Amino acid sequence: MHTIVLNSTAARVRRLHPLAIRVMHWTNAAAMIVLIGSGWGIYNDSVIFHGFDFPVKIGSWAAESLLWHFAAMWVLALNGAAYLIYGVATGRLRERLLPIRLGDVVETVRETLRFKLAHEDLTTYNAVQKILYIVVILAGIAQVVSGLAIWKPVQFSGLTDLLGGFQSARLIHFLGMAVIVGFLVVHVALSLLVPRTLLAMLTGGPELPARRKEP
Amino acid sequence: MRSLFRPSVLPDPGILDDHRPLIRSLERRGFLRGGLSLGALTMLTGCDVGDSTSVGMALRAISAFNDGVQAALFDPNKLAPEYPPSAVLKPPRFNAYYPIEEVKPVDGAAWRLELAGLIQDRRPWTREMIAALPQRETIIRHICVEGWDYIGQWSGVPLRTFLERVGADLRAQYVAFKTADDYPSSIDMATALHPQTLLATTYAGETLPDPFGYPLRLRMATKLGFKNPKWITAIEVTNTYPGGYWEDRGFNWFSGL
Chain A
4 MHTIVLNSTA ARVRRLHPLA IRVMHWTNAA AMIVLIGSGW GIYNDSVIFH GFDFPVKIGS
64 WAAESLLWHF AAMWVLALNG AAYLIYGVAT GRLRERLLPI RLGDVVETVR ETLRFKLAHE
124 DLTTYNAVQK ILYIVVILAG IAQVVSGLAI WKPVQFSGLT DLLGGFQSAR LIHFLGMAVI
184 VGFLVVHVAL SLLVPRTLLA MLTGGPELPA RRKEP
Chain B
-16 MRSLFRPSVL PDPGILDDHR PLIRSLERRG FLRGGLSLGA LTMLTGCDVG DSTSVGMALR
44 AISAFNDGVQ AALFDPNKLA PEYPPSAVLK PPRFNAYYPI EEVKPVDGAA WRLELAGLIQ
104 DRRPWTREMI AALPQRETII RHICVEGWDY IGQWSGVPLR TFLERVGADL RAQYVAFKTA
164 DDYPSSIDMA TALHPQTLLA TTYAGETLPD PFGYPLRLRM ATKLGFKNPK WITAIEVTNT
224 YPGGYWEDRG FNWFSGL
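Written as structure tokens, this is what we have:
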């Protein structure tokens, strides 16, 4: 009996990215790409910035882009909610993303400018990484909220008013997309520069030290 | 009464006998081959949601699911925000599936509103009869599916008042519209009965100008712009899903705001 308990404890190795996180990460990646691409198609139908439209899109015309957008929104919202619940319940979000100290931010920026950014230890994020991940999570939440305000400006008129009206909500939805695309460029570039990080999101990555028992 | 939404002239069944040799000569295999290359073409052009590719069908199924979600979110007592007359855009913004130059004005004197389906009194209506009904004005935001919007001032008969007056079955699922510009559309009964859903006859206090649907158009505060047909010539109350011009081409049917 004791042996079995010991064995099962030994088998439960804490990995940097547990399976649940990996599944949710790639589900989110797929949903985000579909939402961004179809969103570009919807934007092109009536542009916000005169003279600017997107050269690529998902969906051959507006109706198709809308169908893609209003299908992928469910995946993003449900997967995102699951991610946040998981992250809070397991303490992962706090463990990975907090605390952020001003001194660490300055140090990270200085190291980055000297091209001396350390990547030996994948299990701790530097201060800039922490900020970027928090920003993109908040941007994802902002997209769901501003998306609701655009989709249902009568049923959720209070929310649309809170965002400054219909066109303002639309602009916020556009800017949220811009933040996420900006993050995506940096995120993908860095993961390709340090392929071990990309591999870790596929296989689970290095083992983590056992979690300190809370009193 | 026969539905106005069916073709008035049916094809003569004798046409089949006249062309029997030709029909026999058609090879099923040819259809199959043609169908395959057509299928391949849609793969090349991306997913055409109007056809029956599995992706297109899945997307349409989710769109139908979203119709249900929107019907559940729809609060029949929730009014859309209204605005002061100073915010009204004059003239309103034109939009149709063709440019404004191709609008064909309707002769108001000869115009009749036909009724069909689950309605007790299906006698046609004239402009004068409609003008005699109780009127209501709304100053509401028009939101286009494309993303633009403007504030418009509409008045006319609440659709609810009209449907009650003609003895429509208010438990039916759909209210369908037929128009002079061949732009069929349909809405759910809950939206038809919403207090801000009007059979509009004026804009900004004046008779509806020709490009905006004279003599009668639908104006709802709770649906996207394309759901508001202009130049209405017939209304049918039905339990059979009627679809619509853009809806049949892939736009979401409920399209509620």
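Chains A and B, in that order, are what the protein sequence lines are. Take the first sequence: its position 97, counted from the start at 1, is 100 in our numbering, and no numbers get skipped. Take the second sequence: its position 149, counted from the start at 1, is 132 in our numbering, and no numbers get skipped. For glycine and all other residues, C-beta sits at the position ideal for the given N, C-alpha and C. All of these numbers come straight from a predicted model, not from anything done at the bench.
By the Cβ neighbour-count rule, A:Phe52 is exposed, with fewer than 16 other Cβ atoms within 10 Å of its own. Looking at the DSSP output, B:Ile123 bridges to B:Gly135.
Chain order gives no chain A residues near B:Glu120, where near means a beta carbon separation below 7 Å; the closest approach is about 18 Å. Proximity to B:Tyr166 across B:Arg43, B:Leu62, B:Leu181 and B:Thr216 peaks at B:Thr216, based on C-alpha coordinates. When secondary structure is reduced to three states using DSSP, A:Lys133 falls in the helix class. The CB of B:Arg232 comes closer than 8 Å to the CB of Ala66 in chain A, given here in chain order.
Residues are counted here when their Cβ sits less than 8 Å from a Cβ of chain B; for the region 69 to 84 of chain A these are Leu69, Leu70, Trp71, Phe73, Ala74 and Trp77, given in chain order. The beta carbon of B:Leu201 sits no closer than 7 Å to any beta carbon of chain A.
Taking the CA atoms as reference points, B:Ala47 sits about 15 Å from B:Gln156. One alpha carbon belongs to A:Ile134, the other to A:Arg18, and they sit about 22 Å apart. With a threshold of 7 Å between beta carbons, A:Ser41 makes no contact with chain B. Interface annotation, B:Ala63: in contact with chain A, CB-CB separation under 7 Å. When the Cα atoms are used, A:Ile36 and A:Asp124 turn out to be separated by approximately 29 Å.
The alpha-carbon separation between B:Trp94 and B:Ala159 amounts to approximately 18 Å.
In the DSSP secondary-structure assignment, B:Thr144 is not bridged to any residue.
With fewer than 16 other CB atoms across the displayed protein chains lying within 10 angstroms of its CB, A:Val16 is exposed. Assignment of A:Tyr46 by DSSP, reduced to helix, strand and coil, places it in the helix class. The C-beta of B:Trp131 comes closer than 7 Å to at least one C-beta of chain A. If you draw a straight line from the Cα of A:Val189 to the Cα of B:Ile126, it comes to about 36 Å.
Close to B:Phe160, with beta-carbon spacing below 9 Å, lies no residue of chain A; the smallest spacing is near 20 Å.
Taken in chain order, the members of the region 129 to 159 of chain A whose beta-carbon sits within less than 9 Å of a beta-carbon on chain B are Ile153, Trp154, Lys155, Pro156, Val157, Gln158 and Phe159. For B:Ser168, the beta-bridge partners assigned by DSSP are B:Phe160.
When Cβ-Cβ separations below 7 Å define contact, A:Asp48 makes contact with chain B. Contact annotation: A:Phe186 and A:Val148 have beta-carbon atoms that are not nearer than 7 Å.
Closest by C-alpha distance to B:Ser168, out of B:Gly208, B:Leu191, B:Pro225 and B:Pro192, is B:Pro225. Counting of Cβ neighbours within 10 angstroms places A:Gly62 among the buried residues, the total reaching 16 or more. Within the region 191 to 216 of chain B, Ala204 and Thr205 place their CB atoms closer than 7 Å to a CB of chain A, listed in sequence order. Where B:Tyr186 is concerned, the enclosing beta strand (DSSP E) starts and stops at Leu181 to Tyr186. Nearest neighbour of A:His28 by Cα position, chosen from A:Ile153, A:Leu87, A:Trp71 and A:Thr163, turns out to be A:Leu87.
Against chain B, a Cβ distance below 8 Å from A:Phe169 picks out Arg124, Ile126 and Asp132. Interface flag for B:Leu42 against chain A is set, since a Cβ pair is found closer than 7 Å. For the region 55 to 79 of chain B, the beta-carbon criterion of a distance under 9 Å to any beta-carbon of chain A is satisfied by Leu56, Phe57, Asp58, Lys61, Leu62, Ala63 and Pro64. Burial of A:Gln146 is indicated by the presence of at least 16 other C-beta atoms within 10 angstroms of its C-beta. Look at B:Ile45: its C-beta is under 7 Å from a C-beta on chain A.
Comparing alpha carbon positions, the residue from B:Arg148, B:Tyr66, B:Pro68 and B:Leu191 closest to B:Arg106 is B:Arg148.
In this structure B:Leu181 is not in contact with B:Ile113, their Cβ atoms being roughly 11 Å apart against a cut-off of 8 Å.
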